[in-house]
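In what follows, a single structure is set out as C-alpha coordinates and then discussed.
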Amino acid sequence: MSAGAGPVGGYGPAPFLDTFASTSARTPGPVRSTTGRSVVPRRRSVKRTMEIMSEHEKNDVEQEAPGGAAAEAAEALADGAEPSPEVKEELEAEAELSSELDRLQAELSQLNDRHLRLAAEFTNYRRRAEEEAASSWTRAQADLIRQLLDALDDLQRVGTWEPDTTTVEALVEGVDLVERKFRQALESAGLEVLDPAGEAFDPNTMEAMMKVPTEDPEQDERVAEVYQKGYRFRDHLVRPARVSVYKHE
242 MSAGAGPVGG YGPAPFLDTF ASTSARTPGP VRSTTGRSVV PRRRSVKRTM
292 EIMSEHEKND VEQEAPGGAA AEAAEALADG AEPSPEVKEE LEAEAELSSE
342 LDRLQAELSQ LNDRHLRLAA EFTNYRRRAE EEAASSWTRA QADLIRQLLD
392 ALDDLQRVGT WEPDTTTVEA LVEGVDLVER KFRQALESAG LEVLDPAGEA
442 FDPNTMEAMM KVPTEDPEQD ERVAEVYQKG YRFRDHLVRP ARVSVYKHE
(Lines of atoms letter the chains of each structure in order from A and count residues from 1; the text may use other names and numbers.)
(Lines give C-alpha, C1' and ligand atoms only; values in the text may rest on other atoms or scores of the structure.)
Protein backbone atom coordinates (compact mmCIF):
# COMPACT_ATOMS: atom_id res chain seq x y z
CA MET A 1 0.00 0.00 0.00
CA SER A 2 1.41 3.36 -1.00
CA ALA A 3 1.92 6.39 1.29
CA GLY A 4 -0.99 8.22 -0.26
CA ALA A 5 -3.39 5.28 0.04
CA GLY A 6 -6.04 5.09 2.72
CA PRO A 7 -5.77 3.08 5.91
CA VAL A 8 -5.82 -0.68 5.88
CA GLY A 9 -9.22 -2.15 6.42
CA GLY A 10 -10.74 1.34 6.41
CA TYR A 11 -9.15 2.38 9.81
CA GLY A 12 -6.57 5.11 10.41
CA PRO A 13 -5.80 8.25 12.41
CA ALA A 14 -7.27 10.69 9.97
CA PRO A 15 -10.95 10.24 10.88
CA PHE A 16 -10.08 10.37 14.66
CA LEU A 17 -8.07 13.61 14.37
CA ASP A 18 -10.72 15.19 12.21
CA THR A 19 -13.36 14.33 14.74
CA PHE A 20 -11.22 15.72 17.68
CA ALA A 21 -10.49 18.96 15.83
CA SER A 22 -14.09 19.40 14.85
CA THR A 23 -15.29 18.76 18.40
CA SER A 24 -12.75 21.06 20.09
CA ALA A 25 -13.38 23.86 17.61
CA ARG A 26 -17.06 23.94 18.32
CA THR A 27 -18.36 26.36 20.90
CA PRO A 28 -19.76 24.37 23.83
CA GLY A 29 -23.46 24.55 24.05
CA PRO A 30 -25.53 25.71 26.95
CA VAL A 31 -25.50 23.66 30.15
CA ARG A 32 -28.58 23.14 32.22
CA SER A 33 -28.21 24.24 35.82
CA THR A 34 -30.07 22.73 38.71
CA THR A 35 -32.58 25.58 38.45
CA GLY A 36 -33.42 24.74 34.87
CA ARG A 37 -31.75 27.88 33.45
CA SER A 38 -29.25 27.62 30.64
CA VAL A 39 -25.68 28.60 31.63
CA VAL A 40 -23.18 29.36 28.90
CA PRO A 41 -19.58 28.74 30.08
CA ARG A 42 -17.22 31.73 29.69
CA ARG A 43 -13.99 31.09 27.89
CA ARG A 44 -10.76 32.37 29.56
CA SER A 45 -7.65 32.87 27.49
CA VAL A 46 -4.36 31.26 28.47
CA LYS A 47 -2.71 34.69 28.80
CA ARG A 48 -5.29 35.93 31.32
CA THR A 49 -4.98 32.73 33.30
CA MET A 50 -1.20 33.14 33.51
CA GLU A 51 -1.60 36.79 34.65
CA ILE A 52 -3.97 35.78 37.45
CA MET A 53 -1.60 33.05 38.60
CA SER A 54 1.29 35.54 38.59
CA GLU A 55 -0.68 38.03 40.73
CA HIS A 56 -1.51 35.30 43.26
CA GLU A 57 2.12 34.28 43.52
CA LYS A 58 3.17 37.93 44.00
CA ASN A 59 0.64 38.41 46.81
CA ASP A 60 1.84 35.24 48.54
CA VAL A 61 5.45 36.41 48.40
CA GLU A 62 4.54 39.87 49.80
CA GLN A 63 2.59 38.27 52.67
CA GLU A 64 5.44 35.94 53.57
CA ALA A 65 8.17 38.61 53.36
CA PRO A 66 9.05 40.46 56.62
CA GLY A 67 7.59 43.95 56.89
CA GLY A 68 9.19 47.19 58.01
CA ALA A 69 11.25 49.90 56.45
CA ALA A 70 14.45 47.89 56.88
CA ALA A 71 13.08 44.99 54.81
CA GLU A 72 11.88 47.33 52.08
CA ALA A 73 15.22 49.11 52.01
CA ALA A 74 17.11 45.81 51.83
CA GLU A 75 14.87 44.64 48.99
CA ALA A 76 15.37 47.92 47.13
CA LEU A 77 19.15 47.76 47.55
CA ALA A 78 19.15 44.14 46.40
CA ASP A 79 17.31 45.20 43.26
CA GLY A 80 19.82 48.00 42.70
CA ALA A 81 17.24 50.76 43.33
CA GLU A 82 17.12 53.63 45.83
CA PRO A 83 14.70 53.30 48.79
CA SER A 84 11.60 55.46 48.62
CA PRO A 85 11.44 58.75 50.58
CA GLU A 86 8.99 57.17 53.02
CA VAL A 87 11.38 54.31 53.68
CA LYS A 88 14.29 56.72 54.12
CA GLU A 89 12.25 58.77 56.62
CA GLU A 90 11.36 55.68 58.63
CA LEU A 91 15.00 54.55 58.63
CA GLU A 92 16.14 57.96 59.87
CA ALA A 93 13.50 57.91 62.63
CA GLU A 94 14.60 54.44 63.71
CA ALA A 95 18.24 55.57 63.73
CA GLU A 96 17.37 58.60 65.88
CA LEU A 97 15.44 56.43 68.35
CA SER A 98 18.32 53.98 68.56
CA SER A 99 20.79 56.81 69.17
CA GLU A 100 18.54 58.34 71.84
CA LEU A 101 18.20 54.96 73.54
CA ASP A 102 21.98 54.53 73.61
CA ARG A 103 22.39 58.02 75.08
CA LEU A 104 19.80 57.38 77.80
CA GLN A 105 21.38 54.05 78.69
CA ALA A 106 24.80 55.70 79.01
CA GLU A 107 23.31 58.48 81.15
CA LEU A 108 21.56 55.92 83.35
CA SER A 109 24.83 54.06 83.83
CA GLN A 110 26.60 57.29 84.83
CA LEU A 111 23.84 58.21 87.29
CA ASN A 112 23.95 54.73 88.80
CA ASP A 113 27.72 54.99 89.28
CA ARG A 114 27.31 58.42 90.85
CA HIS A 115 24.62 57.12 93.19
CA LEU A 116 26.87 54.28 94.32
CA ARG A 117 29.76 56.68 94.95
CA LEU A 118 27.56 59.08 96.93
CA ALA A 119 26.14 56.21 98.99
CA ALA A 120 29.65 55.01 99.81
CA GLU A 121 30.79 58.54 100.69
CA PHE A 122 27.75 59.09 102.94
CA THR A 123 28.37 55.78 104.72
CA ASN A 124 31.98 56.76 105.36
CA TYR A 125 30.93 60.25 106.51
CA ARG A 126 28.36 58.86 108.95
CA ARG A 127 30.89 56.41 110.35
CA ARG A 128 33.46 59.19 110.82
CA ALA A 129 30.83 61.46 112.43
CA GLU A 130 29.82 58.74 114.89
CA GLU A 131 33.44 58.04 115.75
CA GLU A 132 34.13 61.77 116.21
CA ALA A 133 31.06 62.19 118.44
CA ALA A 134 32.09 59.25 120.60
CA SER A 135 35.65 60.57 120.78
CA SER A 136 34.44 64.07 121.73
CA TRP A 137 32.23 62.68 124.50
CA THR A 138 35.12 60.64 125.84
CA ARG A 139 37.41 63.68 125.82
CA ALA A 140 34.77 65.76 127.64
CA GLN A 141 34.40 63.10 130.32
CA ALA A 142 38.16 62.87 130.67
CA ASP A 143 38.41 66.65 131.11
CA LEU A 144 35.75 66.60 133.83
CA ILE A 145 37.45 63.77 135.68
CA ARG A 146 40.79 65.55 135.44
CA GLN A 147 39.26 68.65 137.07
CA LEU A 148 37.71 66.54 139.83
CA LEU A 149 40.99 64.87 140.64
CA ASP A 150 42.31 67.95 142.47
CA ALA A 151 39.26 68.01 144.73
CA LEU A 152 39.59 64.28 145.27
CA ASP A 153 43.24 64.68 146.28
CA ASP A 154 42.28 67.38 148.81
CA LEU A 155 39.52 65.21 150.21
CA GLN A 156 41.96 62.34 150.68
CA ARG A 157 44.41 64.62 152.48
CA VAL A 158 41.68 65.77 154.86
CA GLY A 159 41.04 62.14 155.69
CA THR A 160 44.66 61.70 156.79
CA TRP A 161 44.58 64.46 159.40
CA GLU A 162 45.13 63.43 162.98
CA PRO A 163 42.05 64.07 165.14
CA ASP A 164 44.17 64.94 168.16
CA THR A 165 46.12 67.65 166.36
CA THR A 166 43.46 68.96 163.95
CA THR A 167 41.24 71.81 165.03
CA VAL A 168 37.64 72.22 163.99
CA GLU A 169 38.47 75.42 162.16
CA ALA A 170 41.12 73.64 160.07
CA LEU A 171 38.73 70.80 159.27
CA VAL A 172 35.98 73.18 158.17
CA GLU A 173 38.42 75.13 156.06
CA GLY A 174 39.62 71.95 154.36
CA VAL A 175 36.08 70.77 153.62
CA ASP A 176 35.15 74.18 152.20
CA LEU A 177 38.19 74.03 149.93
CA VAL A 178 37.16 70.63 148.60
CA GLU A 179 33.57 71.78 148.07
CA ARG A 180 34.69 74.84 146.09
CA LYS A 181 36.92 72.78 143.84
CA PHE A 182 34.15 70.28 143.18
CA ARG A 183 31.66 73.02 142.39
CA GLN A 184 34.08 74.89 140.10
CA ALA A 185 34.88 71.71 138.19
CA LEU A 186 31.21 70.88 137.68
CA GLU A 187 30.29 74.45 136.75
CA SER A 188 33.07 74.58 134.17
CA ALA A 189 31.53 71.46 132.61
CA GLY A 190 28.14 73.20 132.30
CA LEU A 191 26.47 72.55 135.64
CA GLU A 192 24.32 75.39 137.03
CA VAL A 193 23.35 75.64 140.69
CA LEU A 194 19.71 76.58 141.39
CA ASP A 195 19.43 78.55 144.66
CA PRO A 196 16.10 80.48 144.28
CA ALA A 197 15.80 82.03 147.77
CA GLY A 198 13.42 85.04 147.64
CA GLU A 199 12.56 84.44 143.95
CA ALA A 200 9.10 83.89 142.49
CA PHE A 201 8.10 80.26 142.56
CA ASP A 202 8.76 78.49 139.23
CA PRO A 203 7.19 75.03 138.97
CA ASN A 204 9.50 74.20 136.05
CA THR A 205 12.65 74.32 138.22
CA MET A 206 11.29 74.10 141.77
CA GLU A 207 9.39 71.66 143.95
CA ALA A 208 7.19 73.15 146.72
CA MET A 209 7.55 71.14 149.89
CA MET A 210 5.20 73.26 152.05
CA LYS A 211 3.23 76.53 152.19
CA VAL A 212 4.18 79.32 154.61
CA PRO A 213 1.38 81.77 155.54
CA THR A 214 2.20 85.48 155.17
CA GLU A 215 0.33 88.75 155.68
CA ASP A 216 2.46 90.56 153.09
CA PRO A 217 0.75 90.35 149.69
CA GLU A 218 4.06 91.11 147.93
CA GLN A 219 5.53 87.85 149.31
CA ASP A 220 2.72 85.73 147.92
CA GLU A 221 4.03 82.81 145.78
CA ARG A 222 7.67 83.60 146.58
CA VAL A 223 10.29 81.19 147.92
CA ALA A 224 10.47 81.37 151.69
CA GLU A 225 13.31 78.88 152.22
CA VAL A 226 15.49 76.56 150.12
CA TYR A 227 15.71 73.10 151.65
CA GLN A 228 17.83 71.61 148.88
CA LYS A 229 19.51 73.35 145.98
CA GLY A 230 18.70 72.32 142.46
CA TYR A 231 21.00 71.68 139.51
CA ARG A 232 20.65 72.17 135.79
CA PHE A 233 23.15 70.88 133.28
CA ARG A 234 22.93 73.20 130.28
CA ASP A 235 19.30 72.82 129.12
CA HIS A 236 18.54 69.68 131.14
CA LEU A 237 17.12 69.90 134.66
CA VAL A 238 19.13 67.47 136.76
CA ARG A 239 17.27 68.11 140.01
CA PRO A 240 14.64 70.72 141.00
CA ALA A 241 15.22 72.96 143.99
CA ARG A 242 13.13 71.87 146.96
CA VAL A 243 11.64 74.93 148.66
CA SER A 244 8.89 76.32 150.86
CA VAL A 245 6.60 78.98 149.37
CA TYR A 246 4.83 81.96 150.94
CA LYS A 247 1.04 82.01 150.74
CA HIS A 248 -0.84 85.27 151.42
CA GLU A 249 -3.95 84.88 153.58
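Those letters in the sequence shown? Residues 242 to 490, per this note's numbering, in order.
We put the CB at the ideal spot given by N, CA and C, even for glycine.
For Ala-334 and Gln-346, the gap between their C-alpha atoms comes out near 18 Å. Take the alpha-carbon of Glu-330 and the one of Glu-337: they are about 11 Å apart. By the beta-carbon neighbour count (other beta carbons within 10 angstroms, threshold 16), Met-450 is exposed. Secondary-structure assignment with DSSP links Thr-401 through no beta bridge to anything. Below 8 Å, enough C-beta pairs join the stretch 416 to 436 and the stretch 373 to 393 to call them touching: three or more. Counting along the chain, Glu-466 sits inside the beta strand (DSSP E) bounded by residues 464 to 469.
DSSP places Pro-454 in the strand class (E or B) of the three-state scheme.
In the DSSP secondary-structure assignment, His-356 is not bridged to any residue. By a beta-carbon distance limit of 8 Å, Gly-415 contacts Asp-395. Their separation comes to about 7 Å.
Following the DSSP letters along the chain, one finds Glu-440 in no alpha helix (DSSP H), marked with neither H nor E. Residue burial is scored here from C-beta neighbours: Leu-342 has fewer than 16 other C-beta atoms within 10 angstroms and is therefore classed as exposed. Judged by their CB atoms, Val-453 and Val-486 are nearer to each other than the 8 Å cut-off.
The alpha-carbon of Val-464 is positioned some 22 Å away from that of Phe-474. Residue burial is scored here from C-beta neighbours: Leu-349 has fewer than 16 other C-beta atoms within 10 angstroms and is therefore classed as exposed. Within the model, the alpha-carbon separation for Gly-439 versus Thr-406 is close to 41 Å.
Ala-374 has its alpha-carbon roughly 32 Å from the corresponding atom of Leu-352. Burial is judged here by how many other beta carbons sit within 10 angstroms of a residue's own beta carbon; Gly-471 has at least 16 and is buried.
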